[in-house]
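Step one of this worksheet: look at the structure below.
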Amino acid sequence: MNGTIISSQSLKATVVKAVHSQEVTDIHTHLFSPAFGTLLLWGIDDLITYHYLIAETFRKTQISYEQYWALTKTEQADLIWQTLFIENSPISEACRGIVTTLNELGLDVKSRDLQSYRDYFASMKVEDYIDVVFALAQVKEVVMTNDPFDPAERPVWLSEMTGDPRFHAALRLDALLNTYPETGCQQLTAFGYNVDGSLSETALKEIRRFIEDWIQRMQPKYMAVSLPPDFQFPDDSARGKIIQACVLPVSREFNIPFALMIGVRRAVNPRLRLAGDGMGKADLTSLENLLREHPNNRFLVTLLSRENQHELCVLARKFRNLMVFGCWWFMNNPSIIDEITRERIELLGLSVIPQHSDARILDQLVYKWKHSRQIIADVLADKYQDLLDSGWGLTEAEIERDVAALFGGNFHRFVDGQ
Ligand code: RAT
Ligand code: ZN
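Reminder that position 29 of the sequence shown reads as 1136 in the numbering used here, one-by-one numbering, no gaps.
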């Protein structure tokens, strides 16, 4: 063996150091590069009005939905701050995240002085602030969520924008796959594609052309869709047909994986807007069919239901064209991250992408990665300790190699074939 073998006494510190110093590739966020202007959210008022906190505020105030949505963003942030941070202790994961972030930025969280936080952000230029956040969070690069149907985003892609190379694209296909009959067909027609509601051969060819055009334009790391728990495949619906005849062949031809995010029930409470989505347990037979019938396609998968996580690990043992990633949304809480990270590592070893941030607001990278790193380090330290207890020897370089795979290497190998 090359290198000094680590003792049990120094194991934890070695793992913590490796996990905290390894720069991460964040494979799913809702962040944007500065070229997208106001689509890039950052700063205290965006942090406080995160939709996770909006949902929690309604549980603690009497304000009506209508009254809340009529407030300005600053007024909304004032209400949330007063409700969740002043009148109650901010112990939920989303609230704690704000405290961690402000603290890491060097602000005095004991003062609870919202105005002083606002003053700090008012003095920042976003380009500089990106560097501050990436450095604090030890994030090397992020993957955005890019919707070619979004009227705010489209013009930026259609213009000669020059992006920040740390922000990669992901071609999000929800509008194509989930609402084709209702709106997608009409929108594609307006964009100049010769499609129809009955998905004729011509329409399918045109949809392939649409996807190819956007692949060329965005150079995405992967294509992605969020799906309801009752997602079926194969299936005679518009979604099933478009996946079969368009997404899968284009994914193979361009060598771009397809990410499936399964388990969301949109607008369970529409009055909560973005905060109103729910979840459900999925039937993973559909995913199994996809993986078996399409061995030459690669799939990135994350699931919203805790009850599905074990099944997903077993599926990944059967199909190497499946890469399990992240603790998505309602899974992104310490107790569940701890549980499913252990489960994944026990069943799949180091062949997973344990986490993504799902950050919608730039600053969230700081807390989401800090909190997750703590848990991932705990899990790894336990697993390495078990090995040492069995007489195995480990070096610091081996631990660093393993952490590098989890925090970016596995993604790049899966996506870029590196
Ligand atoms: O986590 C979230 O913020 C959700 O609202 C969704 O954006 C989800 O992550 C998604 O990508 O659909
Ligand atoms: Zn997301």
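For every residue, glycine included, the Cβ atom is placed at its ideal position computed from N, Cα and C.
Being a predicted model, the structure only gives us computed values, none of them experimental.
Practice problem: Could you name the residues that DSSP lists as bridge partners for residue 1275? | Solution: In the sequence shown, residue 1275 corresponds to position 168, counting from 1. Among the bridge pairs identified by DSSP, residue 1275 is matched with 1250.
Self-check item: Any residue whose CB is nearer than 5 angstroms to a heavy atom belonging to the ligand RAT, listed in chain order
Solution: For the ligand RAT, residues qualifying as neighbours are 1333, 1436, 1465, where qualification means a beta carbon closer than 5 angstroms to at least one of its heavy atoms (chain order).
Practice problem: To the nearest angstrom, report how far apart residue 1298 and residue 1147 are at their CA atoms. | Solution: By 1-based counting over the sequence shown, the position of residue 1298 is 191. By 1-based counting over the sequence shown, the position of residue 1147 is 40. Going by the C-alpha atoms only, they are around 25 angstroms apart.
Quiz item: Closest by CA to residue 1509, which one among 1498, 1524, 1488, 1496?
Solution: Along the sequence shown, read from residue 1 onward, the residue named residue 1509 stands at position 402. Of 1498, 1524, 1488, 1496, the residue nearest in Cα terms is 1488.
Quiz item: Which full runs of the alpha helix (DSSP H) of 4+ residues lie inside the stretch 1345-1377, going along the chain?
Solution: Those alpha helix (DSSP H) runs which fall completely within the stretch 1345-1377 and span 4+ residues are 1345-1349, 1355-1360.
Quiz item: Is the stretch 1162-1170 touching the stretch 1387-1403 in the sense that three or more CB pairs, one from each, lie closer than 8 angstroms?
Solution: No, the stretch 1387-1403 does not touch the stretch 1162-1170.
Self-check item: residue 1270 to residue 1286 span [Cα, whole Å]
Solution: Counted from its first residue, the sequence shown places residue 1270 at position 163. Counted from its first residue, the sequence shown places residue 1286 at position 179. One alpha carbon belongs to residue 1270, the other to residue 1286, and they sit about 29 angstroms apart.
Exercise. Report yes if the CB atom of residue 1432 is closer than 7 angstroms to the CB atom of residue 1407, and no otherwise.
Key: For this step, residue 1432 is matched to residue 325 along the sequence shown. For this step, residue 1407 is matched to residue 300 along the sequence shown. Less than 7 angstroms separates the beta-carbon of residue 1432 from that of residue 1407.
Quiz prompt | Member of 1273, 1464, 1290, 1240 whose CA lies at the smallest distance from the CA of residue 1201 | solution = Stepping through the sequence shown from its first residue, residue 1201 is reached at position 94. Answer by Cα proximity: 1464.
Quiz item: In whole angstroms, what is the alpha-carbon distance linking residue 1187 and residue 1161?
Solution: Taking the first residue of the sequence shown as 1, we reach residue 1187 at position 80. Taking the first residue of the sequence shown as 1, we reach residue 1161 at position 54. Those two C-alpha atoms are separated by around 7 angstroms.
Practice problem: Using only alpha-carbon positions, find the residue among 1134, 1127, 1338 that is nearest to residue 1435. | Solution: Start at 1 with the first residue of the sequence shown, and residue 1435 comes out as number 328. Across the set 1134, 1127, 1338, the C-alpha of 1134 shows the shortest separation from the C-alpha of residue 1435.
Quiz item: What is the residue span of the beta strand (DSSP E) that residue 1133 lies within?
Solution: Here residue 1133 refers to the residue found at position 26 when the sequence shown is read from its first residue. Looking at the DSSP string, the run of the beta strand (DSSP E) that includes residue 1133 is 1131-1133.
Quiz item: Under the rule that 16 or more other beta-carbon atoms within 10 Å means buried, what is residue 1416, buried or exposed?
Solution: Residue numbering aside, residue 1416 sits at position 309 when the sequence shown is read from its first letter. With 16 or more other Cβ atoms within 10 Å, it is buried.
Quiz prompt | Beta-carbon gap between residue 1180 and residue 1152 smaller than 7 angstroms | solution = In the sequence shown, residue 1180 corresponds to position 73, counting from 1. In the sequence shown, residue 1152 corresponds to position 45, counting from 1. Cβ atoms of residue 1180 and residue 1152: closer than 7 angstroms.
Self-check item: Three-way DSSP call (helix, strand, coil) for residue 1408 in this model
Solution: As a working mapping, residue 1408 is identified with position 301 in the sequence shown. The answer is strand: DSSP assigns residue 1408 an E or B state.
Quiz item: Touching or not, the stretch 1439-1458 and the stretch 1478-1488, by the rule of three or more beta carbon pairs under 8 angstroms?
Solution: Yes, they touch.
Self-check item: Beta-ladder partner(s) of residue 1502, from DSSP
Solution: Start at 1 with the first residue of the sequence shown, and residue 1502 comes out as number 395. Per DSSP, 1112.
Practice problem: Closer than 6 angstroms by C-beta to residue 1211: which residues in its own chain qualify, once you throw out the five before and the five after it? Chain order, please. | Solution: The residue you call residue 1211 lines up with position 104 of the sequence shown. Within the same chain, residue 1211 has close Cβ partners 1243, 1473.
Self-check item: Inter-residue Cα distance where the pair is residue 1326 and residue 1275
Solution: Along the sequence shown, one-based indexing puts residue 1326 at 219. Along the sequence shown, one-based indexing puts residue 1275 at 168. Looking at the two C-alpha atoms, the distance is approximately 8 angstroms.
Quiz item: Would you report the Cα separation of residue 1348 and residue 1321, rounded to the nearest angstrom?
Solution: In the sequence shown, the residue the question calls residue 1348 occupies position 241. In the sequence shown, the residue the question calls residue 1321 occupies position 214. CA-to-CA, the gap between residue 1348 and residue 1321 works out to about 20 angstroms.
Quiz prompt | Collapsed DSSP secondary structure at residue 1216 in the structure displayed | solution = As a first step, residue 1216 is located in the sequence shown; it is residue number 109 there, counting from the start. Helix.
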